[in-house]
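What follows is a short report on a single structure.
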Amino acid sequence: MKQWIDEWVAQCTYEETQDCRRRVLRQLMESMVHEGLLHVEIAKSAMSSGDLVDKLEYRVIGQEGNGHAVLYSFHARDTGSFGRIRILSPIYRSKSGSESLKSEVISIAQLLQELSIHYPIAEAERLSTFAQELERTLVNDAFHNAWKRQSTGSNLVDTDMHEPCSLTEWEAYTSTGHPYHPSYKSRIGFSLEDHLSYAPEFSPNFHLIWVAVHRSYAEAYTLSNLSYEDYIVKLLGEDQKRQFEDKIASRGVDFNSYLLIPVHPWQWEHKIKMDASELIRSKMLIPLGNDSDLYQPLQSIRTLANITNSAKPYVKTSIQIVNTSALRIIGIHHVRNAPAISDWLHQLLKNDIYLREECGVVILRETAAAALRYDHLPEPLARLLEGSMSTIYRESLEPLLRADEQAVPYTYVTHLANNVPEIDSWINQYGAERWVQRLLEVTIQPMLHLLYAYGVGLESHGQNMILIHKDGWPERIALRDLPGGIKCLGNHHLYDNRLPMPSLALRPGESSHPILADTAQDVRDFWVDAFLHIQLYEIAVFLTEQYGFTEKQFWGMVGAAVQHYQSLFPQLEQQFDLFDLAAETFQVGQLTLRKIYGEGEGREHTVPNPLHPVPQMQINLLKGGDSLS
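Heads up, the final residue of the sequence shown is numbered 1158 in the working numbering, and it's a clean run with no missing numbers.
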């Protein structure tokens, strides 16, 4: 395989990477325009896009190294959603005065440099790093396409050797990366060989590496009714536990003085076994090798599903790679807080008959967590290893599914296989409007209830949402990875009777509460950013491009779903006003601006709300198999 990879790299052409390059550039330019990074000139075009609104030509002036002006241009349409545009053509470059001689952009780095007159205070090092992430995204994505063609013997990129059937298989099949972030598959730290071994789209199987950590250098947390030691024995099995006991005893130490923590094999090879060598020599860490279970990565790449026994928990591990916006390690505050927040959310769900019985929503609890005690290490070593050896266990969805239910990642809804929507058979079976209406109903109702009834906003996007269906008919949703994606309104009289918040660990070096927010707007916008601004936006565009919906029609259906919920709970009228979803604007994050300028205060911008005013649509929300009338 290495020879094939080397040959592919040596022979790769602009033509072979064209589709991936166009996607990277499209997401880059769409986000830069949306976030106000570029000064654009908009001119009406003679081109038409059929039933869609007319395409507009966007022009952006850049500057060559010699000071001469250059022009970047593309055709796009205004989606009418959050002020975002949808680019419908390649990105072109021409020299000023020679617009008729334009050529398609092939250099991402050149584009970033020549457009830097629009963001002159950006540090050169940041632009260089961003250019690297974008180029890696292009190469990694193109490599996957080439591998698919080579593996299947077909020129159709999405031809698979078998139809996916399990949630884990669908995770791999629909693992196409963040739909907004331009460095959606950067994975700085992974080689191409590493992608074959550990990236979700390649469906690799591998074992976890287990390490015994002396209790003086370890910490572990569980749900209130669990013991970490018993939890691990159940996960490993008695035979595997005895094998590990024997290995620890062979080092002349007592098994009961250690906690067992799994490590991602890439992380062990590239980080822990070298940077933690002092701890290994002193027997504070004892490598135990792997257990017998095989794991496969989910879309988040660091969360692994047990494919030997799908009822066993998912394992979220630290990996020292940068993907999209972050280094994919696990902060100690997440380790300490995950089970406590899961306990709290589970109790809310258990006590609420609407969430539990009407919505049937599933919240996958983070049942246990463990990590190296970084704060017990000498400071230089603590800085080096911080977050690098942390693990969180999450309950599996498989045992929670009802008879005849199946599950797919929420990204399945907008996935195309060779330009055919995966949901096409469902749309044909149930009708587009009817099916979409049901999708919105089962998705929005539980999240609105958490927001209004409890002041809880969840960071709900495609990667941490699961659609549960019966023969393609949406039934309910499952939510995951929540302790790291939740905000809750703090002291407010409307929530005086809410279940008390558990004591939580702060982020190192910070004084603010990890999930409590001061204002309802902060909570609302946190939820809106991920769910409406990213996830539902993608569905709106997808339905427009694939099924002839208009964005106005789609947001009208969203507005109807909001109104339907509010009609069920008139006693929450004050909360409806508090979390005003018909506000004129929302505040959302500027993900590309953060890559160019760095993290910091004020990295949000104001966008128009497609629900302002709430679109009025007289739709009777469906129950079961009723039809529209």
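Where a beta carbon is used, it is the ideal one built from N, C-alpha and C, also for glycine.
- Per DSSP, the continuous alpha helix (DSSP H) segment holding Pro909 begins and ends at Glu908 to Leu914.
- Counting only residues of its own chain and dropping the five nearest sequence neighbours on each side, Asp804 has a CB closer than 7 Å to the CB of Leu913 and Leu914.
- Pairwise C-beta distances place the segment 698-717 out of contact with the segment 643-656, as fewer than three of them are shorter than 8 Å.
- With at least 16 other beta carbons inside 10 angstroms of its own, Gly860 counts as buried.
- In this structure, the straight-line span from the alpha carbon of Thr943 to that of Ile1068 is close to 6 Å.
- In the three-state scheme derived from DSSP, where H, G and I count as helix and E and B as strand, Asp822 is classed as coil.
- Close CB contacts of Gly986 within its chain, under the 6 Å cut and outside five residues either way in sequence, are with Leu980, Lys1016, Val1052, Phe1055 and Trp1056 (chain order).
- Between the segment 758-775 and the segment 931-949 there are fewer than three inter-stretch CB-CB distances shorter than 8 Å, so the stretches are not counted as touching.
- Taking 4 residues as the shortest admissible run, the segment 1074-1125 contains the following complete alpha helix (DSSP H) segments, listed from N- to C-terminal end: 1080-1097 and 1102-1107.
- Leu1061 counts as buried, since at least 16 other C-beta atoms from the protein chains shown sit within 10 angstroms of its C-beta.
- The Cβ neighbour count for Gln992, taken over all protein chains shown within 10 Å, is at least 16; the residue is labelled buried.
- Assignment of Leu945 by DSSP, reduced to helix, strand and coil, places it in the strand class.
- Separation of the CB atoms of Gln796 and Ile848 is rounded to 5 Å, and the pair is thereby assigned contact status at 8 Å.
- In the displayed model, Asn754 falls within coil according to three-state DSSP, outside both helix and strand.
- Counting along the chain, Ser602 sits inside the beta strand (DSSP E) bounded by residues Ala598 to Asp607.
- Within the same chain, and ignoring the five residues on either side of Thr940 in sequence, the residues whose Cβ sits closer than 6 Å to its Cβ are Thr703 and Gly991.
- The C-beta distance from Tyr587 to Phe611 rounds to 17 Å, too long to meet the 8 Å contact threshold.
- Per the coordinates, the alpha-carbon of Tyr983 lies some 42 Å from the alpha-carbon of Leu910.
- Shown here for His563: same chain residues with a beta carbon closer than 6 Å to its own, the five before and five after excluded, namely Arg613 in chain order.
- Close CB contacts of Trp537 within its chain, under the 6 Å cut and outside five residues either way in sequence, are with Ala675 (chain order).
- Between Lys845 and Arg923 a beta carbon distance of about 6 Å is seen, short of the 8 Å cut, so the two are scored as contacting.
- A direct Cα-to-Cα measurement between Met976 and Glu962 gives close to 21 Å.
- Judged by their CB atoms, Pro794 and Leu856 are not nearer to each other than the 9 Å cut-off.
- Looking at the DSSP output, Cys1017 shares a beta bridge with Val985 and Leu1045.
- Using a 10 angstroms sphere on the CB of Asp822, the tally of other CB atoms reaches 16 or more, which defines it as buried.
- By the Cβ test, the segment 1011-1028 is not in contact with the segment 1066-1080, since fewer than three Cβ pairs between them sit closer than 8 Å.
- Within 10 angstroms of the beta-carbon of Cys694 lie fewer than 16 other beta-carbons, which makes it exposed.
- The shortest CA-to-CA distance from Thr853 to any of Thr1135, Gly1131, Asp535 and Gln1119 is the one to Gln1119.
- Between the segment 784-793 and the segment 716-723 there are fewer than three C-beta pairs closer than 8 Å, too few to call the two in contact.
- Within the segment 622-666, no beta strand (DSSP E) run of at least 3 residues lies entirely inside it.
- Going by DSSP, Val890 is part of no beta strand (DSSP E) at all; its letter is neither H nor E.
- The shortest CA-to-CA distance from Ile777 to any of Tyr746, Gly818, Asp548 and Cys549 is the one to Gly818.
- Separation of Asn957 and Ala1111 (C-alpha to C-alpha, rounded to the nearest whole angstrom) is 33 Å.
- The Cβ atoms of Ala936 and Thr751 do not sit closer than 9 Å to each other.
- Excluding residues up to 5 positions away in sequence, Thr608 and Arg615 lie with their Cβ nearer than 7 Å to the Cβ of Val1070 in the same chain.
- The beta carbon of Leu764 lies closer than 8 Å to those of Lys841, Pro842 and Tyr922 in the same chain, with the five residues before and after it left out.
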